[in-house]
Structure formats: C-alpha cells, structure tokens
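**Q** Below is the structure I would like to discuss, written out as structure tokens.
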Amino acid sequence: MDQALTNNIVLKVSNLKKSFGDFHILAGADLDLKEKQNIVILGHSGTGKSVLFKCIVRLIEPDSGGINVLGQDILALEDEKLTELRIKIGYVFQGGALYDSMSVRSNLEFPLKYTKGAKRTQTELNELVEEALVNVGLIESIDKMPSELSGGMMKRIGLARTLIQKPNILLYDEPTTGLDPVTSGEISELILKIQEEYNTSSLIISHDLKCIEITANQVNVLKEGKFTATGTLDEMKHHEDPFVNSFFK
Amino acid sequence: MTKSSKLKDAIADFLLGIGDMGAFISSIFKSFLRHGVNFQEFTRQCYRIGNQSLPLISITGFILGLVLTLQSGPTLAKFGAESMLPGMVSLSIIREIGPVIVALIVAGKVGSGIGAELASMRVTEQLDAMEVSGTNPISFVVTTRVLAVSFMLPLLVLYADAFSILGSFISASTQYNISLETFFHKAFDVIHYKDLFPTTIKTFFFGLSIGIIGSYQGYFAKRGTEGVGEAANSAVVKASISIFIIDLIVVNITQLLT
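Line order of the protein sequences matches chains A and B.
With my numbering applied, the first sequence covers 1 to 249.
With my numbering applied, the second sequence covers 1 to 258.
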C-alpha cells in the first residue's frame, strides 16, 4: 500500500482510461508526482487535462486504471475516507470557483466550518483566514464580495481557500489563463512561494510559457489521452517531436 | 432516423430521467438522514424564500379574493343566496385556489431561482469546489433549499389565504353591505379543521416537489450559461406540472377518506 510513498511519490496515476461515448479522452495516462515536485501538464484543448484532474479527485469516475494518492487507492475509497483524502488534495479551479453569495471571508471560512469534524472557534477561524489571505497578498479584500474582485484576485482567493486546508498536493487548472502578463507572473511566483512555504507537490495545467518557466520542475505532454513526452523545460524545448516543440514557439 | 427509433429514444430518455431523478431524491434523503440539515443555511433559505415571495403573494392573494367574490356574487344573488358568499369563497380559497395559485407563484419565483442559482454554481464549478473541499453539496445546498421551500410554502399559503379572505370581505361588504362580523361568522361556519389539514399536507408536497425539481434541474445543468436559462425554465414548467399532478392525487385521496 505504501510503496508509492517510499519512493517519495505522492501521486501515482497508472494506465488511466476515460471515455465519453465514442470519445476516448484518456487512453492509458501514466504519471508520477514526487514530493515537493511541480509538474506542468501541456496539451491541446480537449486532450483530457481537466478530465485527468477531475479523475484524481473523483469528480469523474475513470473507466479503468489506478490512482494512488499519498499511499491510498483513491478509487477504492468510500465516502468518508474519500472526503478525508480529498482535503489533502487542493484543487485550484480555473476561474477561482468562489461562492458568489458569500464574502471573501465566508468563502475562506467555508471549508473550515462545514467539513466533517472541523470544529474551530471564531478566533481560530479569523487567524487562519487572515494568514491565508496574507499569503496570497489580498488581506485588504477580506470583506469584499467575489463580484468586486478582478480575475487575478479571484484566482488568488481561490488559491487561499484551497491553502487554508493545508493540502499536501495542489492541482492548478490553468492558473494564469486570461490574465495580463504582470498578474500572470505574480500568480506564477505565488505558486512557487506556496510550494516552498507549504511543502506541497503540484500538478499545473498551463499553456503560459512564463508560468511554465517559473514553476515547472518537470513538463509532461499529453497527446491523444497519453503522456507522450516527459522531461525538464529545456529538454522539452529541444524535443525531437514537432508536436512537443509546437508549445514553445 | 425513423419515427419508431425516435420514439424509442424519447421513451428511453424519459425512463432514464425518472431513474436519475429517483437517484437524486434518494441522495437527498440519505444526506438528510446522515448529516441532518445545516440550520444556519436552512433559516437563511427560509428567510430568502419568504422575503422574496411575500409582496407578490400578498397582492395576488388579495386580488384573488376580491375577484372571486366579484365574479361569484351576482350568480349567488340570482338565487338569493348572497349569505352563502363568504363561506363559498373562503372554502374554495382555503381548499383549492389558494394553495394552487401560491404554489404556482412560488414555482415561478423560487423554483426558477433555485434552478438558476444551482445551475450557475454548476457551470462556474462552485459545486465541484465544495465537493473537493470535503463539503457535501447535496447536504449543504440542496437539502437546505428543498426543506426550506417545503416548510415555507404552507406558511405562505396560510398567509395568502388570509389576504384573500380580506379581499373577499372588502368586495362583499361594498357590494352587499355584509358586516365584518357576519362575513367571518358565515365563513368560519363552513371551514373546519378537516379542510385545513389536507391542504397543509398538500402544500408541503407542493413545496417538496418545487424544491426537488428546481434543485435537480440546476444541479445537473449543462452547456454553460445556456444551461442556466434552461434549468430555470424547466424548473418552472416541470414544477408547475407536478403541482397539478399532486393536487389531483391529494384531492382523490381526500375524497376517498371522507
């Protein structure tokens, strides 16, 4: 059971397959994420990057294959154990996915208040919320509503809400898409800072070269439902496959 | 595609839809039995539903009583039966017209709101975010709304009934000089506890169906913003149909029992 952990692998995806009708989105994807590693996943639209993330947290059930998270087979877990493990995987959604009827403070308090077994005093909640907001540099937005925030701010708050549960693994779904180059750079630096401070391992879906340069220890290229190339950013830039090269031109 | 295969597909879709709805209802009940209800969110939803609907229901209820009396009065007067007006109007409001009209208003206002809100939460991944953070969205979002509509609708119906009877009295007193005392004496002469009880049960089920259908349409919304509009629209249409079906069933059961 703990074979993956002994190799410092915190997340192992093996031969993962998922189809929607006749569309084979994932066709045997394999991936190993090690402790404190940042892997950037590259691939064209519709190649199954987000589906892979959703399979990892079991928002989508894969057709076959294995997913081992922190030494546990997530596909075999029942409700309560699944919830416990999900808390250790932070999912940062593309648009932030903030609860738009709640203020920033309530958004951050939400996972702490309503997760099973989470009983904290209001003082503890305030401290945790403020700490998370300071970490993403948005403490002044604590009482704002999501509609008052810019796209970049929403992504940061979404990240803060994920961090507040102190996850071991972070899944970033296009964290810099739709942002201007300056904000995009800030978010990328933030991802790196978070990794150093929280000792997290991350999977990052991104097409933003600047973000990849700042954050990636390793780049995996997803093509036709499988990872066809893996290596450092430099190796990928000089890869013999023109498909892989095309992402860096 | 031939007509017969189209028909087969339509039947299959319909049956699959019923199966999905059954599974959804079962997950709501399971979640309620396992996690109970978040009281804070439940009261917030009750307040929203009541607050949203009160002005519209007050006006509609009042006008309903007024118009019903204006329409029925001349017919009864032909037979010299004006004295039966308060009882007849009050009874029809309490037993049938009040609950159905208020339920249809709530289906339009609250059911569509629930459908649109949940659909918007679905397409902006808020429900997914809730689930991956370890909170059960069925428990927090759906159960609270379904229970809030089921709990508030009977109260709103009673409130609307009161306004309708007030409207009826104003109309009756101006047309036929019926005093307040006579009106209420005649009205409460024919209204019994057995008229109120089935009505309250009926409106609870109306609320349940509005909440469940609105939540179902929103929870499983697809196709981005288009799906939000579609969810709101189908929540109203399906909830309205369900109101008439429940009404028919309850009236038949009530008649069998009395």
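Just so it is clear, CB atoms sit at the ideal spot from N, CA and C, and this is done for glycine as well.
Return the first residue and the last residue of the alpha helix (DSSP H) that L153/B is part of.
**A** Counting along the chain, the alpha helix (DSSP H) containing L153/B begins and ends at 144-176.
**Q** If we call anything under 8 Å between Cβ atoms a contact, is G65/B one with Q175/B?
**A** Against a cut-off of 8 Å, the Cβ pair of Q175/B and G65/B comes out as no contact.
**Q** Distance cutoff 8 Å, beta carbons only. Does R105/A sit that close to anything in chain B?
**A** No, its Cβ sits nowhere closer than 8 Å to a Cβ of chain B.
**Q** When DSSP labels each residue in this structure, what does T115/A get in the three-state scheme?
**A** If DSSP states are grouped into helix, strand and coil, T115/A belongs with coil.
**Q** Taking the beta strand (DSSP E) that Y99/A falls in, what are its first and last residues?
**A** Here Y99/A belongs to no beta strand (DSSP E), and DSSP marks it neither H nor E.
**Q** Any chance the stretch 146-163 of chain A sits against the stretch 79-99 of chain A, with 3 or more Cβ pairs inside 8 Å?
**A** Flag = yes, the stretch 146-163 of chain A and the stretch 79-99 of chain A touch.
**Q** Is it right to say A239/B is buried, meaning 16 or more other beta carbons lie within 10 angstroms of its own, or is it exposed?
**A** A239/B should be labelled buried.
**Q** Listed in chain order, which residues of the stretch 101-128 of chain B have Cβ atoms closer than 7 Å to some Cβ of chain A?
**A** Answer set for the stretch 101-128 of chain B: T124, E125, Q126, D128.
**Q** Do you know whose CA, among G28/A, L108/A, D22/A, S103/A, lies nearest E124/A's CA?
**A** It is L108/A whose Cα lies nearest to the Cα of E124/A.
**Q** Between the Cα of L26/A and the Cα atoms of I169/A, I191/A, T232/A, F227/A, which residue gives the shortest distance?
**A** If we check each option's Cα against that of L26/A, F227/A comes out closest.
**Q** Please determine, among V110/B, A162/B, A12/B, L68/B, the residue with the shortest C-alpha to C-alpha distance to N51/B.
**A** Closest by alpha carbon: V110/B.
**Q** DSSP three-state label for M1/A, please.
**A** Low confidence applies here, because M1/A scores a pLDDT of 41, under 50, leaving its location unreliable and the question unanswered by this model.
**Q** Does DSSP put H35/B in a helix, in a strand, or in coil?
**A** Of the three classes helix, strand and coil, the one that applies to H35/B here is helix, per DSSP.
**Q** Would you mind stating whether E125/B and G218/B have Cβ atoms separated by less than 8 Å?
**A** Not closer than 8 Å, so no.
**Q** Please report the straight-line C-alpha distance between V104/A and S179/B, rounded to a whole angstrom.
**A** Cα-Cα distance, rounded: 57 Å.
**Q** I'd like to know whether the C-beta atoms of K223/A and G65/A end up nearer to each other than 8 Å.
**A** No, Cβ-Cβ distance for K223/A and G65/A is not below 8 Å.
**Q** I'd like the list of long-range same chain contacts for G207/B, defined as Cβ closer than 6 Å, with 5 residues on each side in sequence excluded.
**A** Cβ neighbours of G207/B beyond the five flanking positions: V149, S150, L153.
**Q** Does the beta-carbon distance from Q195/A to N38/A come in below 8 Å?
**A** Yes; because the gap between Cβ atoms is below 8 Å, this pair is in contact.
**Q** Here's a check: name, in chain order, each residue in its chain whose Cβ is nearer than 6 Å to the Cβ of F169/B, leaving out the five neighbours to either side.
**A** If we look at F169/B and ignore the five residues flanking it on each side, its Cβ neighbours are F183.
**Q** Using a 10 Å radius around the Cβ and a threshold of 16 neighbouring Cβ atoms, would you call I93/B buried or exposed?
**A** Counting Cβ neighbours within 10 Å, I93/B comes out buried, since at least 16 surround it.
**Q** Can you list, in chain order, the residues of its chain with a C-beta nearer than 8 Å to that of F110/A? Leave out the 5 residues immediately preceding and following it.
**A** Answer for F110/A: Y99, M102, R161, listed in chain order.
**Q** By the 7 Å beta-carbon criterion, what residues does the stretch 203-216 of chain A contribute toward chain B?
**A** Hits within the stretch: zero.
**Q** Where does D79/A sit, in a helix, a strand or coil, going by DSSP?
**A** Note: D79/A maps to helix in three-state DSSP.
**Q** Would E131/B pass as an interface residue toward chain E - the criterion being a Cβ-Cβ separation below 8 Å?
**A** Reference to chain E is not applicable here, since the protein chains of this structure are A and B.
**Q** State yes or no: is the beta carbon of T144/B nearer than 8 Å to at least one beta carbon in chain A?
**A** Not one chain A Cβ lies under 8 Å of T144/B.
**Q** Within the 8 Å Cβ cut-off, does V57/A reach chain B?
**A** By this cut-off, V57/A is an interface position.
**Q** For F32/B, I'd like the list of residues in its chain whose CB is within less than 7 Å of its CB, leaving aside the five on either flank, ordered along the chain.
**A** Excluding sequence neighbours, F32/B sits near T143.
**Q** Among V146/B, L7/B, A107/B, G22/B, which residue has its Cα nearest to the Cα of Q45/B?
**A** The residue with the shortest Cα to Cα distance from Q45/B is V146/B.
**Q** Quick one: list the residues of chain B neighbouring T83/A, beta-carbon separation under 7 Å, in chain order.
**A** Ordered by position in chain B, the residues that pass the 7 Å Cβ test against T83/A are G134.
**Q** Which same chain residues end up closer than 6 Å to F204/B when comparing Cβ atoms and leaving out the 5 residues on each side of it in sequence?
**A** Around F204/B: S150, P154.
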